[in-house]
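In full-length UniProt numbering, the protein residues as written are 1 to 618. A short worksheet on the structure shown next.
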Ligand code: ADP
Ligand code: ZN
């Protein structure tokens, strides 16, 4: 029996030639080759790779190379649909089995599975675990099980899905079928849980670097967030697709309006919207070019869109894990992208309050506060953001300058902040640790407000001792002292700033304090500088693409995508469009050499694409 309908029937094909003929790709990336070889020869494994690292090929290729059908467990219906659309475009016999199918449609898929007519079948976990489905799989010829988003089995993780727990049944029922678990979540505890729950003890883990060299990290001081966001988009990402994250529904709506009225096409997405509206906005974001989606964190998991050029945070996420995951949705295609966040003291206070007011146990609250502190330290660091981020995930980083984060591109000035810190801490102390940032700053700069007079704070020795710094600088001092843990905002007392145990050392002059200057306002311009360590950028970028041809190709792609009701990137990736526009192929053979053009795409679109190139030449 032939392993696959798309492959030659007689001689067994090797992985590289399938990579080339089906996916149109010239070479493996990173650990892909080793993983594919391991799984194809029947081994189990755990694969940890960052978003955009190329996890899909790690199970898609072995499914094509082995006898039978590869079963992919994925929690996300939208993602399954888009992956299957992409596979069908490449000529692979793929299908889904989930709740969106009618009974007849599902029966047809089941029939094809039993007939050996499928190479890949995507199944929702709850579906897979039904007795009917398990018995169906028992009768079918199964090439492998791929458990995507495997961190969803972890009860400690941030994406726990109860239906994933039952997946341990796979190892019990099908001990001889290889299992490959994949995730982009790195932490040790989650990793261990995946291994035990999915029966992978003793199987190798393939752990890639979590660096995303094409993402530029940038964290700015929040002043007027909507205006800062508009400037960021129009100066750096005009016409690009992006995601803006906000904490509340109201802020999502306001921000989407603000962007739209500034001429930036933006759509809201949050749980309060009607399901139809939400689905429509998501589809437009995925299928159209250059749409910005403004969303709560409910948005993004399972969005496979490769050409998201920026992710902006207007509110602080909960943890470095969340920040990494959300920013990771930018630049899956390996092209230059931005992760931009505006953050201020109120963000720390707000997140702290959310933790304090949550119903979790004390242990849970302590863990949450630790995670928040780590993120705040990332936001306040004067060192390389990438180094901090990777260090948090336990990855050693070589060199201290990544060349592609704000601090490396424009190093902040550090100054001795001991005296400023002492002035601030004494002011908090002398005013009874009952006031928030605003009032402390009024006292420091000697402003005779109503409140200052009311409490006789103008009579204190600290009144006006901080005139050497302005309000913005004092805010930065407070933020950093909170980040360092010398000061704490008490959410039960109107965010009064209170001294912590460690503040004593600062007041006594025993603790050295280095503070970064309030952002001098240097803006990083367009993402021109290339990351030094990256090798993900498509080769085609070496040659400048021909702009009119590129536009013509995009317009053609939009047409085809509409006709076939698939996302534009399923027809051709941006990098493939750029590759064609740069190389201007004249023959089918030349076209076939462009990454992303496999046999099926050549057959379907080759002549049309060559005609477009020729007419752009005329
Ligand atoms: P992940 O699931 O790890 O987030 P994907 O499997 O979606 O990543 O792959 C991310 C992008 O990288 C896709 O656009 C894919 O086409 C591309 N890609 C994957 N492997 C390769 C490769 N070997 N060569 C070129 N592009 C690749
Ligand atoms: Zn850096």
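By construction, the Cβ of each residue, glycine as well, lies at the ideal position given by its N, Cα and C atoms.
query	result
Per the contact definition of three or more C-beta pairs closer than 8 Å, is the region 40-51 in contact with the region 200-214?	yes
Would the beta-carbon of residue 213 be found less than 7 Å away from any heavy atom of ligand 4?	No copy of ligand 4 appears in this structure; the ligands present are ligand 1 and ligand 2.
Using the C-alpha atoms, what's the distance from residue 224 back to residue 404?	25 Å
Let me know the secondary structure DSSP gives residue 180 once reduced to three states.	strand
Using DSSP with H/G/I as helix, E/B as strand and the rest coil, what is residue 584?	coil
Below 8 Å CB to CB, which residues in the same chain sit around residue 601 once its five sequence neighbours on both sides are set aside?	24, 89, 90, 572
If you draw a straight line from the alpha carbon of residue 86 to that of residue 559, how long is it in whole angstroms?	16 Å
Does residue 351 pass the burial test, meaning 16 or more other C-beta atoms within 10 Å, or should it be called exposed?	buried
Terminal residues of the continuous beta strand (DSSP E) containing residue 498?	496-499
Please go through the same chain and pick out, in chain order, the residues whose beta-carbon is closer than 8 Å to the beta-carbon of residue 215, but skip the five residues on each side of it.	327, 328, 330, 331, 337, 338, 339, 404
Grab the span of the beta strand (DSSP E) containing residue 310 for me, first residue to last.	310-313
Is residue 490 closer than 8 Å to residue 496 when the C-beta atoms are compared?	yes
What residue from 281, 288, 297, 265 has the CA that sits closest to residue 251's CA?	297
Can at least three beta-carbon pairs, one atom from the region 274-281 and one from the region 55-72, be found at a separation below 8 Å?	no
Between the region 137-154 and the region 166-184, do three or more beta carbon pairs fall short of 8 Å?	yes
Which of helix, strand or coil does DSSP assign to residue 566?	coil
Would the beta-carbon of residue 386 be found less than 7 Å away from any heavy atom of ligand 2?	yes
In three-state DSSP terms, what is residue 14?	coil
Would you mind listing the alpha helix (DSSP H) stretches within the UniProt domain "Helicase C-terminal" (228-375) that are 4+ residues and don't spill past its ends, in chain order?	249-261, 275-287, 320-327, 345-357
Please state whether DSSP places residue 465 in a helix, a strand or coil.	coil
Compute the Euclidean distance between the alpha carbons of residue 140 and residue 177, then round it to the nearest angstrom.	12 Å
Return the chain-ordered list of same chain residues with a C-beta closer than 8 Å to the C-beta of residue 505, the five sequence neighbours on each side being excluded.	511
Comparing C-alpha positions only, which one of 271, 217, 377, 282 sits nearest to residue 319?	377
Of all the alpha helix (DSSP H) runs that stay within the bounds of the region 83-117, which reach a length of 4 or more residues?	103-114
Reducing DSSP to helix, strand and coil, say where residue 128 ends up.	helix
Are residue 45 and residue 121 touching if we call contact CB-CB under 8 Å?	no
So residue 265 and residue 244 are in contact, right, with Cβ under 8 Å, and what is the actual spacing, rounded?	Not quite, the Cβ-Cβ distance comes to about 12 Å (not below 8 Å), so this is no contact.
Going by other Cβ atoms of all chains shown within 10 Å of its Cβ, with 16 needed for buried, is residue 523 buried or exposed?	With a pLDDT of only 49 at residue 523, under the threshold of 50, the placement of this residue in the model should not be trusted; the figure read from the coordinates follows. The residue in question, residue 523, is exposed, as its Cβ has fewer than 16 Cβ neighbours within 10 Å.
For residue 17 and residue 597, I'd like the C-alpha separation in whole angstroms.	13 Å
Cβ of residue 55 within 7 Å of any heavy atom in ligand 1?	yes
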